[in-house]
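Numbering (my numbering), first residue to last: 236 to 474. C-beta atoms are modelled at their ideal positions from N, C-alpha and C, and glycine is treated no differently. These figures come from a predicted structure and were not determined experimentally.
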Amino acid sequence: MTFQEINAKRRSIRDFLDKPVPETVIHDHLKEALEAPSSSNTQPFKVVVATGDTLKAIGEELTHKYNVSLSLRKKNIIGKLITAYKHKLAPNKVYETIQGKYPGYYQDRRIKTAIGLYKVLGIKRDDHKKRNSEMTKNFYFFGAPAAIWIFANPKMKYTALVDTGIFMQNFMMAATAKGLGTCPQGALNLWREPVDKHFDVPKGYELVCGISLGYPSDAEVNVYRPEKLSVEELVVPKK
Ligand SMILES: Cc1cc2nc3c(=O)[nH]c(=O)nc-3n(C[C@H](O)[C@H](O)[C@H](O)COP(=O)(O)O)c2cc1C
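Set out below in structure tokens:
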């Protein structure tokens with residue numbers, strides 16, 4: 236495939252086949268991702284790779300945390316605090332995701348993208364039960380047989396995140412080029428404790444994002460193509 240074909244083919248995949256990804260294939264994607272540029276070649280990232288029983292165990296724990304976090308809505312403040320403490324629900328704070336509304340027109344873009352996705356899935360906007368169950372799929376990786384978690388070192392300031400983002404995109408393009416699919420997931424940034432239980436992430440590395448990896452099914456959700464900005468909207472006009 237040409238770059239243009241791979242670029243057009245890469246979409247966030249939210250339904251995977253029950254087909255394992257060989258370790259050598261994941262290794263190859265990581266090797267290709269490592270060709271990414273980084274500030275002064277510092278490569279300020281670390282990656283956790285989970286498959287099989289380990290992935291299952293992490294998925295169960297994340298799903299449990301998510302389900303308990305949903306139950307908080309019905310509790311009073313004391314109940315909320317006790318449950319959150321007991322189940323260690325405090326979200327990752329270093330590279331944190333926004334809890335709640337996004338600022339300004341980013342919230343409109345988010346809603347538009349979500350509406351498009353729910354339409355493809357046949358979920359009505361006010362059907363909170365189905366929306367929650369769709370959201371829950373994040374925590375078992377949409378059925379993917381593999382996932383990676385990317386950590387960066389905040390001591391490298393803003394370049395840590397720039398470098399990590401480029402690395403992630405290289406990884407996703409490498410996977411797409413070989414017929415695999417990926418979903419980058421901020422949802423997998425919420426809680427790192429289930430990952431730390433199984434992996435010795437070096438001190439100083441903070442969780443940025445997770446990526447599910449596997450062979451895409453032919454479910455309609457996988458052909459959803461959310462609208463992107465036009466170049467005219469992107470480029471700042473001259474004064
Ligand atoms: C940093 C980041 C976090 C994301 N988090 C999630 C997530 O938690 N769950 C999900 O289903 N998709 C997630 N996505 C996928 C985006 O929704 C998706 O990239 C966007 O809608 C554009 O669609 P495309 O990737 O198919 O082009 C995330 C993407 C990025 C880059």
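- Straight through space, the alpha carbons of PHE377 and SER368 are spaced by roughly 11 Å.
- Closer than 7 Å to some heavy atom of ligand 1: that describes the Cβ of GLY421.
- If you compare the alpha carbons of GLU240, ASP253 and ALA285 with that of LEU423, the shortest gap goes to ALA285.
- Pairing LEU469 with PRO326 gives a Cβ-Cβ distance that is not under 8 Å.
- Distance from the CA atom of LYS254 to the CA atom of GLY335, rounded to whole angstroms, is 35 Å.
- Annotated as proximal: THR399 and VAL443, with beta-carbon spacing under 8 Å.
- Inter-residue distance for LYS291 and ALA379 is about 10 Å (C-alpha atoms, whole angstroms).
- With a 10 Å radius around the Cβ and a threshold of 16 neighbouring Cβ atoms, HIS363 comes out exposed.
- THR348 has its CB nearer than 7 Å to a heavy atom of ligand 1.
- Within the segment 414-473, the runs of alpha helix (DSSP H) at least 4 residues long that lie entirely inside it are, in chain order, 428-431 and 466-469.
- Residue burial is scored here from C-beta neighbours: ARG360 has fewer than 16 other C-beta atoms within 10 angstroms and is therefore classed as exposed.
- Taking GLY416 as the centre and dropping the five residues before and after it, the same chain places the C-beta of ILE248 and PRO451 closer than 6 Å to its C-beta, in chain order.
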